[in-house]
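Enquirer: Quick note: the sequence shown uses full-length UniProt numbering, first residue 1, plus one each step. Please see the structure below; I have some questions.
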Amino acid sequence: MPIKIKRKNGKVTRYKNAEYIPLFYFLPKSLLDKCGELPFQISRYPYELFTDWTQIELIESDQFALLMYDAFHYLVWDYMGLNVGREIYSGDHPAWKFSHAPSFWIKTMQDEGVLPPIESLVNDIEPTTFFSFVSDEYVDAVLKDIVPKTMERFGMNEILAVVKEYQCFEDFDYRYSQQKNDFKNSYYHKKTKHPMISLEAFQEDYKKNHDGAEWDKADDSIDLEGDTAAKVDVERFMATLSEKDRQILELRVEGYTYQEIADKVGYKTHSAVKKRIDKIGREFQEQTNTDIGFE
């Protein structure tokens, strides 16, 4: 149940971000030292967070929510078994999203008795109760236990396995990384069926094979009949697809990203879209006896 408070005008409404208060008191000082002034403007006396309007406004601010997202992401990332720096992946990557979702972790931490229920802070805390900073050693011990349990609880390991198998450019941050470069090289190696040559080399080769003719006009040998047959193959194949599969392909052709497609068709991750497109591509190859680069 959401925590509610009585406003100055007498209305009782939801206390925004109050669910993050127990987690805030779990964050070690060594981490909060890197997070600016806000963490040290918030009282370590939890009673004040429900009675002092200055404190309430701090908790309800967007800055506090962002603090909790980013700070906990920084805290749990190295315990998720990814073996890569947090700067490698983009915001579309499920691991990045999961680490930025405190509500998942709070549930497990409360069930395991690490965090108190928010209701206890509302109903049982005395004005003199003070929450001191927890030690780095305690946080380390808790995360070594809680992170694997939370990832198993929400099927995160299975999701990451699928993402790894069906990687796409959207998984990676815009900055250079060795992982991104390795994926790019692997991607183009799989997609390129013929060695890449320069335009000049292609034109020279064309002259040798066409009695010295320059490559500057339409080739009379183009197989228009074959092109027509290929178009018919595509139309027949599209007719066999479900409405959702056709929508996925049409959106991709229109230039939508995997994540944007996932949001539109109701998939949980962009990797699911990538996996679906790969499957459709392989089916097309089998039905038309063509090779368009799907393995």
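Note that the Cβ used here is the ideal one computed from N, Cα and C, for glycine as well.
Which word fits K11, buried or exposed, when buried means at least 16 other C-beta atoms lie within 10 angstroms of its C-beta?
Expert: Position 11 of the sequence shown, counted from the first residue, corresponds to residue 11. When all chains shown are included, K11 counts as exposed.
Enquirer: For V12, which residues does DSSP report across the bridge?
Expert: Position 12 of the sequence shown, counting from 1, holds the residue named residue 12. Beta-bridge pairing links V12 to K6.
Enquirer: With DSSP as the reference, label R44 as helix, strand or coil.
Expert: For the purposes of this step, residue 44 is taken as the residue at position 44 of the sequence shown. Correct three-state label for R44: coil.
Enquirer: Taking the straight line between their C-alpha atoms, what separation do you get for F26 and R7?
Expert: By one-based count along the sequence shown, residue 26 stands at place 26. By one-based count along the sequence shown, residue 7 stands at place 7. Whole-angstrom Cα-Cα distance: 28 Å.
Enquirer: Inspect the CB distances between the stretch 17-35 and the stretch 100-118 and report whether three or more fall short of 8 Å.
Expert: yes
Enquirer: So S132 is in the alpha helix (DSSP H); what residue range does that whole segment cover?
Expert: Against the sequence shown, residue 132 aligns to sequence position 132. No alpha helix (DSSP H) contains S132, which DSSP labels as neither H nor E.
Enquirer: Using the C-alpha atoms, what's the distance from Q259 back to A95?
Expert: Against the sequence shown, residue 95 aligns to sequence position 95. Against the sequence shown, residue 259 aligns to sequence position 259. In a straight line, the C-alpha of A95 is about 14 Å away from that of Q259.
Enquirer: How big is the Cα-Cα spacing for residue 298 and G113?
Expert: Here the chain covers residues 1 to 295 and nothing more, so residue 298 does not appear.
Enquirer: Secondary structure at M151, three-state DSSP: helix, strand or coil?
Expert: Here residue 151 refers to the residue found at position 151 of the sequence shown. Correct three-state label for M151: helix.
Enquirer: Exposed or buried, which one is A141 when buried takes at least 16 other CB atoms within 10 Å?
Expert: Here residue 141 is taken as the residue at index 141 of the sequence shown, counted from 1. Burial call: exposed.
Enquirer: Quick one: any contact between the stretch 42-61 and the stretch 127-136, if contact means 3 or more CB pairs under 8 Å?
Expert: yes
Enquirer: Mark K279 as exposed unless 16 or more other C-beta atoms lie within 10 angstroms of its C-beta, in which case mark it buried.
Expert: Locating residue 279 in the sequence shown gives position 279, where the first residue counts as 1. It is exposed - the Cβ of K279 has fewer than 16 other Cβ atoms within 10 Å.
Enquirer: With a threshold of 7 Å on Cβ separation, who are the neighbours of F82 within its own chain once the five nearest residues in sequence on each side are excluded?
Expert: If you number the sequence shown from 1, residue 82 lands on position 82. Before going further, note that residue 82 is Leu rather than Phe in the sequence given. The residues are A95.
Enquirer: Take the Cβ of K193 as the centre, count every other Cβ of all protein chains shown within 10 Å, and call the residue buried at 16 or more, exposed below.
Expert: Counting from one through the sequence shown, the residue named residue 193 turns up at place 193. Model confidence at K193 stands at a pLDDT of 49, short of 50, so the residue's coordinates are unreliable and nothing is read from them.
Enquirer: For V253, does the count of other Cβ atoms within 10 angstroms reach 16, so buried, or fall short, so exposed?
Expert: On the sequence shown, residue 253 is found 253 positions in, with the first residue counted as 1. That one is exposed.
Enquirer: Taking the alpha helix (DSSP H) that P22 belongs to, which residues open and close that run?
Expert: What you label residue 22 is simply residue 22 of the sequence shown in a count that begins at 1. That run of the alpha helix (DSSP H) goes I21 to F24.
Enquirer: Please indicate yes or no: does the CB of Q285 lie closer than 6 Å to some heavy atom of the ligand NAP?
Expert: Inclusion of the ligand NAP in the displayed structure is not the case, the ligand content being empty and no account of it being possible.
Enquirer: Near L251, what residues of its chain come up, given a Cβ to Cβ distance below 7 Å and the 5 sequence neighbours on each side ignored?
Expert: Along the sequence shown, read from residue 1 onward, the residue named residue 251 stands at position 251. I261 and K264.
Enquirer: Does D173 come out as helix, strand or coil in the three-state DSSP assignment?
Expert: Locating residue 173 in the sequence shown gives position 173, counting from the first residue. Interpretation of D173 is limited by its pLDDT of 45, a score under 50 that renders its predicted location unreliable; the figure taken from the coordinates is listed afterwards. In this structure, D173 counts as coil in the three-state DSSP scheme.
Enquirer: Does the contact criterion of 3 or more C-beta pairs under 8 Å hold for the stretch 236-244 versus the stretch 63-82?
Expert: These segments do not touch.
Enquirer: Considering only C-alpha positions, which residue in the set S61, W77, M1 and E57 is nearest to P117?
Expert: Start at 1 with the first residue of the sequence shown, and residue 117 comes out as number 117. Answer by Cα proximity: M1.
Enquirer: Report yes if the C-beta distance between S99 and V134 is below 7 Å; otherwise report no.
Expert: Looking up residue 99 in the sequence shown gives position 99. Looking up residue 134 in the sequence shown gives position 134. No; because the gap between Cβ atoms is not below 7 Å, this pair is not in contact.
Enquirer: Please classify A161: is it buried, with 16 or more other beta-carbons within 10 angstroms of its beta-carbon, or exposed?
Expert: Indexing the sequence shown from 1 puts residue 161 at position 161. The residue is exposed, with fewer than 16 neighbouring Cβ atoms inside 10 Å.
Enquirer: Cβ atoms of Y79 and V147: under 7 Å apart, would you say?
Expert: Taking the sequence shown and counting its residues from 1, one reaches residue 147 at position 147. Taking the sequence shown and counting its residues from 1, one reaches residue 79 at position 79. Yes; because the gap between Cβ atoms is below 7 Å, this pair is in contact.
Enquirer: What residue range does the alpha helix (DSSP H) around T54 cover?
Expert: Position 54 of the sequence shown, counted from the start, is the residue given in the question as residue 54. Note, T54: alpha helix (DSSP H), W53 to E60.
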